[in-house]
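Below is one structure; the comments refer to it alone.
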Amino acid sequence: MRILIAEDSVLLREGLTRLLGEYGHEVVAAEGDASRLLAMVSEHEPDLVIVDVRMPPTHTDEGLRAAVELRGLRPTTPVLVLSQYVEESYATDLLALGTEGLGYLLKERVADVREFVDAACRVAEGGTALDPEVVAQLLARNRRRDPVDSLTPREREVLALMAQGLSNSAIAESLVVSAGAVEKHISSIFSKLDLVPSEHEHRRVLAVLRYVAGI
Amino acid sequence: MSALLKRMFGAYTKPKVWLQSVHLLIDLFVGIALFTVVVTMLSLSAGLMVTLVGFPLLAATVVGGRLVGQVERARVRALLDVDLPAAAPIVWEQSLWLRAKQMMTDRAGWKGLVYSVVMLPWGLVAFISVVVLWSTAFSLASLPLWGWAGDSPPEFTLNGTRYFIHGWSLLIACAIGCLVGILLVAVLPRIINALAKVDVALANTLLAPNEAAQLAARVSELQVSRDASVESSAGELRRIERDLHDGAQQRLVSLAMNLGRAKERLRESDDEYSRELVDAAHDEAKQAIAELRDLVRGIHPAVLTDRGLDAAVSALMARCPVPVTLHSDLQRRLPSTVEATAYFVVAEALTNVAKHSQAHSATIRLAERDGLLIVEVHDDGIGGASESAGTGLRGLRDRVAGIEGRLRIASPVGGPTVLSVELPCGS
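Going down the list, the protein sequences come from chains W and D.
Residue numbering for the first sequence follows this note's numbering, beginning at 1 and increasing consecutively.
Residue numbering for the second sequence follows this note's numbering, beginning at 1001 and increasing consecutively.
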C-alpha cells in the first residue's frame, strides 16, 4: 500500500515511515506542512493519507481542516487523522462527510504497532477506525437521546466497539463472548435504535455513527 | 531665653519663609502674564469663531491651559515643596473631529485657564501683602535705630494741630512701635505660610485632578496592569502547553512506537526476560503519554484555543461519569482569558459533581447577555457544597475575581447544587 504522511514532527514522521515499511507498506511522501497536502495527494495518488491535526503555520487544527477539505474534494481517498487529543468537535467535522475510508486515532495508538497498522489497512480498504475515546465522547455528547439510554450496558459496549469499526468476530473476541451473543446484541441495538442492518461492516458503522453523532 | 528666641525668630534661619515670600511675589508677575495671554487668546478665539479659525485657536488655548498647569505645578513644587499630581493625559480618539472635541472640552485645560485668570487678582493681593508685611514688620522693629538717628523729630497732624514727638514721648512711641514690630516679625512667617497655603489650595483645586479623578485614574491604571498580568499568565500557559506538545509529547510517542516495534520483533523470541522488560517499558511509555496528556489538558486544553468554549466543554462532559446536558447559545468566540476561566469553572464544577454530589444528571448552560458570559452548572445531587470544604471552589472564586467576574453557589443540604458565574466579556 502507498501512503502519504503529513506530520510536522520529524521524529514521528521518520518513525512512522520505518514502522510502515516494516509491514511492507511504502511511504511515498512525508510532508511537514498541511497547506501542501492537496497538491501532494494529487501528485502521488496514495492509497492512504495519514494527517496530524496540529501542524504549522498556526499549530492549531490545520491538519484537520486540510483533511476535511481533502475529503470534500476527493471523497474516495482514505484519510487517517492522528491527534494528540481526540475532540468530539473534530470528529463531528470529519464524520460529517461520511465514515468510509476514515480513521481518527489518538497519536499514541501508534505505540501498539500491530493494531495501528491493522487500523491503517482497514481505513485504506474503505473501512473505519475510530479511537475508543472518540466514540466515548460521541456517546457522551448524545446520551441524552432517549433510544441510546434504553441500551443495556453490554449493548452500549458492543455499540462502542462497532463504532470503532470492529467486525462481529473481533467484538466477540474483545468482549470474550460467542459470536452468536454479539449478533444477538447487535440486532437488539438495531431494533432499539430503529435501524435496518446491512451486509457491509462500514455501512453498519455509518448508520450507528449517523445516529450517535447526530449527523 | 534662647528657646523663646528660637521659637519667635527661628523660622528665619530656614529657607521656607523666604521661598514662600518669593513665590508669593512672583505670583503677581505670573498673574499679569497669564491673564494677558489667556484673555487675549480667548477673546481672539471668540472673535474669530465666525471664520472658523476661532475653533482651532480655542482648542489650542484650552490645551495650552494644561501647559499652565505643568509650569505652575513645577513652580509650586520648587518653591513651596508641595508635590501636586498631574492631570491624566488625554487619551486621543481616532478621528480628527473627536480629537478637536476632546481638546475643546478638556477639563484640565479649562481649569488651567481659570487659574490663569484668577491668578491676577490673587497675585495682586499676595504681592501687596508680602511687601507690606515685610516692610512694616522690619521697619517698626528697627524703629529705635533710625528714630534716634534721624535729624528732626517725627511729627504728625491730628485735628489740624501739628504734634512733634520728642523727649520721653518719642522714647515711648519708639518703644511701642518697636514692640509691635518685633511681634510682627515673629508672626510674619505664619502669615506668609497661610498665604502660601492659599496659593497651594488654588493650585490644588485648579491644576491637579480632584480626588475622584485621581482615584479613577488609579483604578484604570490598576485595571490595565491587572489585565496585562492575567493575559500574560494565560499566554504563558498556552506557551507551556505548546512546548510540551511539540517536545515531550512527540518524543514520548516516538519512544512508545519504537518500544512497540521492539515488542513485535521480540514476539517470536525465546528470550522471555527481554520480552517482559520491553513489554513493561512499552506499557509504561503509554501510561506516561496518557498522564502527560491529562496534565497538559489541565494546563490549557488545545481545543479551547482551536474551537472555543462550546467544543471544549463538550470534551469535559464526555469525561464526566455523570450524564451531562449542555445548553449553549454562544454565537461567537470570546476573549481567550474569559473562555479559559469559564472552561475551568465548568471543569471544577463537573469534578465536584462526579466526586461529591451523588448526582444522577447535571446541566450546563452557557449564554451571553448584556456583555456578560453566564455559566451555570446545575446538578440534582445531595447539595451541601461549600467553599470551606475544599480549595477547589475557593480557587475558582479567585480565578473568576481575577477577571472581575462573580461566582455564586447555592447548595442547600439535600440539593440541588447550582453554581453560577458571570464573566464580563465585552459586548
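Heads up, the beta-carbon is just placed ideally off N, CA and C, and yes, glycines get one too.
CB-CB length for residue i against residue j, believed under 8 Å
i: G1405/D; j: V1421/D; result: 6 Å
i: T77/W; j: V41/W; result: 6 Å
i: D131/W; j: V86/W; result: 5 Å
i: L102/W; j: S83/W; result: At roughly 13 Å, the Cβ-Cβ gap does not stay under 8 Å, so L102/W and S83/W are not in contact.
i: M1257/D; j: V113/W; result: 7 Å
i: G1426/D; j: G1381/D; result: Rounded, the Cβ-Cβ distance is 34 Å, inconsistent with contact.
i: P1189/D; j: A1087/D; result: Not really, about 32 Å apart at Cβ, beyond 8 Å.
i: A1259/D; j: A1281/D; result: Here residue 1259/D is Leu; the residue named in the question, Ala, does not match the sequence. Right, their Cβ atoms sit about 5 Å apart.
Candidates the options: closest to residue i by CA position
i: L64/W; options: D47/W, E108/W and L37/W; result: L37/W
i: G1298/D; options: A1311/D, E1348/D and E1268/D; result: E1348/D
i: E97/W; options: Q84/W, A111/W, E87/W and E69/W; result: According to the sequence displayed, residue 97/W carries Leu and not Glu. When only C-alpha atoms are compared, the closest one is E69/W.
i: A1216/D; options: D1398/D, G1181/D, P1089/D and L1259/D; result: P1089/D
i: F1009/D; options: A1126/D, R1332/D, D1271/D and I1182/D; result: I1182/D
i: Q164/W; options: H25/W, S188/W, R122/W and L73/W; result: R122/W
i: N1193/D; options: L1048/D, A1126/D and P1301/D; result: A1126/D
Residue i classed as buried or exposed, judged by whether at least 16 other C-beta atoms fall within 10 angstroms
i: R1265/D; result: exposed
i: E1241/D; result: buried
i: L12/W; result: buried
i: S1116/D; result: buried
i: I1176/D; result: exposed
i: V135/W; result: buried
i: Y90/W; result: buried
i: K1111/D; result: buried
i: K1286/D; result: buried
i: L1113/D; result: buried
i: N1352/D; result: buried
i: L1004/D; result: exposed
i: D1370/D; result: exposed
Chain W within 9 Å of residue i, Cβ atoms only
i: P1424/D; result: no
i: A1385/D; result: no
i: T1305/D; result: yes
i: G1235/D; result: no
i: D1379/D; result: no
i: I1289/D; result: yes
i: L1252/D; result: yes
i: K1355/D; result: no
i: P1301/D; result: yes
i: A1203/D; result: no
i: N1258/D; result: yes
Pairwise C-alpha distance: residue j and residue i
i: L1084/D; j: G1069/D; result: 10 Å
i: L1350/D; j: E1291/D; result: 20 Å
i: G1384/D; j: Q1223/D; result: 35 Å
i: A1262/D; j: E22/W; result: 12 Å
i: L1277/D; j: D93/W; result: 41 Å
i: E1268/D; j: V53/W; result: 35 Å
i: A1318/D; j: T1325/D; result: 10 Å
i: G214/W; j: H44/W; result: Low local confidence applies: a pLDDT of 49 at G214/W is under 50, so the model's placement there is unreliable, with the coordinate-based value given in what follows. If you take the alpha carbons of G214/W and H44/W, they lie about 35 Å apart.
i: V1338/D; j: T1305/D; result: 12 Å
i: V51/W; j: C1320/D; result: 29 Å
i: W1134/D; j: A1201/D; result: 23 Å
i: Q1214/D; j: K1006/D; result: 40 Å
i: A29/W; j: L19/W; result: 14 Å
i: K192/W; j: D1270/D; result: 50 Å
i: T1417/D; j: M162/W; result: 37 Å
i: V1180/D; j: A1141/D; result: 7 Å
i: R144/W; j: V1322/D; result: A caution first: R144/W carries a pLDDT of 47, below 50, which makes its placement in the model unreliable, though a value can still be read off. About 11 Å.
i: Y104/W; j: A1410/D; result: 41 Å
i: W1196/D; j: M1119/D; result: The sequence given here has Ala at residue 1196/D, not Trp. The straight-line gap from Cα to Cα measures roughly 13 Å.
Proximity test, Cβ basis, 9 Å: residue i and chain D
i: Y104/W; result: no
i: T152/W; result: no
i: F116/W; result: yes
i: Q164/W; result: no
i: V51/W; result: no
i: K107/W; result: yes
i: S89/W; result: yes
i: R122/W; result: no
i: A170/W; result: no
i: R74/W; result: no
i: R18/W; result: yes
i: R144/W; result: Since pLDDT at R144/W reaches only 47, below the 50 mark, its modelled position is unreliable, and the value read off the structure follows with that caveat. It does: the Cβ of R144/W has a partner Cβ on chain D nearer than 9 Å.
i: A96/W; result: no
i: E100/W; result: no
i: V79/W; result: no
Partners in chain A for residue i, counting only beta-carbon separations shorter than 7 Å
i: Q1331/D; result: Looking for chain A here will not work: the only protein chains present are W and D.
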